[in-house]
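A short worksheet on the structure shown next.
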Amino acid sequence: MALEVSIRDIARPNDDPLVSLSMRDLIDLPGLDEEPPLEPTPKKFIDKYEMSLDGHCCIGIPKPKSKEEEDFLVRRFLSGLEKLFNSEDSWTFKQALRLSFDYCVKCQTCNEACHAYLASGRKEIYRPTYRSEILRRIWKKYFTPEGKLLGKFVGADVDVNWRTVTRLAELGHRCTLCRRCAQRCPMGVDNALIARELRKLFSQELGIAPIEILEKGCVQHLRVGSSTGMSPSGFKEAVEFLEEDIGDRIGKKIKIPVDKKGAEILLIHNAGEFLSWPENPEAFAILFEAAGISWTLASEAVGYDAVNYGLWNDDVELARVAVRHVKIAKSLGCRKIVVGECGHATKALVVIADRVLAGELSSSEVERECCLPLLWEIIRSGAIKFDPSKNNFPVTLHDPCNMVRAMGVVKPQRLALKAIAPQFREMAPNGVYNYCCGGGSGYAIIQSFNFPQWRNKIGARMKMRQTLEAFKNELDPVKYPFKYLCAPCSNCKGTIRDAITHYGLWDKFRINYGGLVELMVNAMVDIDRPFIEYEDFH
1 MALEVSIRDI
11 ARPNDDPLVS
21 LSMRDLIDLP
31 GLDEEPPLEP
41 TPKKFIDKYE
51 MSLDGHCCIG
61 IPKPKSKEEE
71 DFLVRRFLSG
81 LEKLFNSEDS
91 WTFKQALRLS
101 FDYCVKCQTC
111 NEACHAYLAS
121 GRKEIYRPTY
131 RSEILRRIWK
141 KYFTPEGKLL
151 GKFVGADVDV
161 NWRTVTRLAE
171 LGHRCTLCRR
181 CAQRCPMGVD
191 NALIARELRK
201 LFSQELGIAP
211 IEILEKGCVQ
221 HLRVGSSTGM
231 SPSGFKEAVE
241 FLEEDIGDRI
251 GKKIKIPVDK
261 KGAEILLIHN
271 AGEFLSWPEN
281 PEAFAILFEA
291 AGISWTLASE
301 AVGYDAVNYG
311 LWNDDVELAR
321 VAVRHVKIAK
331 SLGCRKIVVG
341 ECGHATKALV
351 VIADRVLAGE
361 LSSSEVEREC
371 CLPLLWEIIR
381 SGAIKFDPSK
391 NNFPVTLHDP
401 CNMVRAMGVV
411 KPQRLALKAI
421 APQFREMAPN
431 GVYNYCCGGG
441 SGYAIIQSFN
451 FPQWRNKIGA
461 RMKMRQTLEA
471 FKNELDPVKY
481 PFKYLCAPCS
491 NCKGTIRDAI
501 THYGLWDKFR
511 INYGGLVELM
521 VNAMVDIDRP
531 FIEYEDFH
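Going by full-length UniProt numbering, the sequence shown opens with residue 1, and the numbers climb by one from there.
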């Protein structure tokens, strides 16, 4: 296939998109005869914002109005790029970035692992190596003696102008950081890390990031108490609602522990669950109560929201949130923190936080764990009796990238599903090789401009293809009136909800979605009412 654009085109001085998306190029969705069309880029966006990457936008960088504004973007970008390789400014990931920067052999093996590249019909700008090679050439041109002296003769041929900068800002947000490309690379090069560090450059040096991730994400989280805007008093009201709803759902009253001193486990949910999927934290409460687990929630600001959007683009914000989480656990006397069904939050606190937590905040003082092994242990131990026949409908599993590929948590959720869901079947591929939902790295919450169209058409397309293939023999909505896509991650659920709605998979095929804990409660012998609402999609 002929290349649509070259590496040097990132600096092209016009408003025309480097690539144009077309329905005829997108991978097909089996069983789906029609879908909504691709809408053209609204003129109101083109006139005001930088849209010349692919006609879509998730950041909304205004076009510079003067030469001074153009020069500012270029100057700060180059300053930020230099800082990425400075131990004092970027010690957290400098070594890993340096290795990935230096050891790519340009075999392009990683490209065929990228769901966005494949879903788009192999658009050149979405291949994992495209943005990485741009950065390598810029580095060589502006920061090496041979590049400054010999320029294009040594591959230092990418100019940095304001369009280069603004396109790179958007291009850094066409990668979900799923790291499937890194998994495929024979040299161990991590192009997702390069994309993540590119985002960090823009966030920490220029204050440029999607509003949902930085201003309404990290900043609001630390200022108000939650990325959702939920205050401590709002959280307490949410807990009261959960308790009432549990009583209505299962006919039993459960008191949810909050700020319980000396509890073994501090459970932290993605606060989006309280607002969008309250049945998920309700299910955790039901299971923990029935299993006799010593646990609590925390009402202190930040302590009731596991979200840590700094994972995606900002080391400083990541550290601030992680430190608050552990300090709150210590203040309550909890031995460990268990993160609810949220992939990025689990990876941020359980794995990445090791880079910023030390001494009395280290894992030797307060353990930090993924919830999935604990959920399987509840089943394995026999602490609760389950009747799998209560889940006798087709079920498939989505593997959240941050818990599965990035952390290796593969078996617990499968063992659980095999024990409680008799019609469970795997997606293909699955486990550590599974495809991203399409909403990773913050995409799930970005609703600005026309980015939701890109997420649905490109980001989530491969996941919808996998889902349709997993249920290919049960798509008939009359014979099979309920199918369940199990996605034990808040951000994944948000993306899957929007994609199912976009493609009409609930109305056409009765494909629904939800977490693992809901299936577990639905199968409990001691509960005589269905916990899952078979006629409701939300």
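Note that beta-carbon positions come from the ideal geometry of N, C-alpha and C, so glycine has one too.
Can you find the residues in the same chain that come closer than 6 Å, C-beta to C-beta, to residue i, ignoring five residues on each side of it along the sequence?
i    : result
C218 : Y309, G310 and E317
A238 : F274
W295 : A263, I265, L267 and F288
E300 : I328
T166 : E50 and I61
G80  : L201 and E205
D25  : G121
R180 : A113
K260 : T296
W376 : P412, L415 and A416
R127 : N111 and Y117
E146 : V154
What distance in whole Å lies between the Cβ atoms of residue j and residue i, which are believed to be in contact at a cut-off of 8 Å?
i    : j    : result
Y443 : T495 : 7 Å
C178 : A192 : 7 Å
N270 : V307 : 5 Å
F45  : N450 : 7 Å
K140 : V154 : 7 Å
C342 : S490 : 4 Å
P30  : R465 : 7 Å
L372 : P412 : 4 Å
A290 : I384 : 5 Å
K148 : E4   : That pair is no contact at about 30 Å.
G66  : D15  : The amino acid occupying residue 66 in the given sequence is Ser; Gly does not appear at that position. Not quite, the Cβ-Cβ distance comes to about 18 Å (not below 8 Å), so this is no contact.
D305 : S226 : 4 Å
In whole angstroms, what separates the C-alpha of residue i from that of residue j?
i           : j    : result
T92         : R355 : 7 Å
L485        : G515 : 8 Å
M520        : I446 : 31 Å
I328        : D314 : 22 Å
G303        : V366 : 14 Å
S441        : K457 : 17 Å
A209        : R199 : 7 Å
A470        : F85  : 44 Å
I337        : F77  : 38 Å
K347        : V326 : 14 Å
L374        : N512 : 25 Å
A499        : V74  : 37 Å
A523        : T164 : 54 Å
L21         : W454 : 9 Å
K83         : F531 : 52 Å
P17         : P477 : 41 Å
V410        : I27  : 28 Å
H538        : N280 : 13 Å
P278        : F101 : 43 Å
residue 554 : G207 : Outside the shown range of the chain, which is 1 to 538, sits residue 554, and nothing can be said about it.
M407        : R12  : 40 Å
V339        : E518 : 16 Å
P481        : E215 : 42 Å
A319        : A358 : 11 Å
V525        : I254 : 17 Å
T228        : K493 : 16 Å
P388        : D507 : 26 Å
What do you reckon, are the CB atoms on residue i and residue j nearer than 8 Å?
i    : j    : result
L297 : I256 : yes
C437 : K472 : no
L361 : V323 : yes
M23  : P37  : yes
K63  : K48  : yes
I293 : I527 : no
V19  : C104 : no
H221 : V351 : no
K483 : F393 : yes
F509 : L475 : yes
K106 : T129 : yes
Cutting at 8 Å between CB atoms, please list the residues of its own chain near residue i, excluding the five before and the five after it.
i           : result
residue 566 : This structure does not reach residue 566, given that the chain is present from 1 up to 538, and the question cannot be answered.
I379        : F386, L415, A416, A419, I420 and M520
residue 543 : The question about residue 543 has no answer, for the chain in this structure spans 1 to 538.
Considering only residues of the same chain and omitting the five flanking positions on each side of residue i, which have a CB-CB separation below 7 Å?
i    : result
R8   : D157 and V158
A195 : R131, G172, C175 and L177
I211 : S448
G504 : none
A2   : With a pLDDT of only 42 at A2, under 50, the local geometry of the prediction cannot be trusted, and no value is derived from it.
- Message: Using 8 Å as the cut-off, can you tell me whether the region 243 to 258 makes contact with the region 325 to 338, which would need three or more C-beta pairs spanning the two stretches below that distance?
- Response: no
- Query: Would you call the region 160 to 176 and the region 112 to 127 touching, i.e. three or more CB-CB distances under 8 Å?
  - Reply: yes
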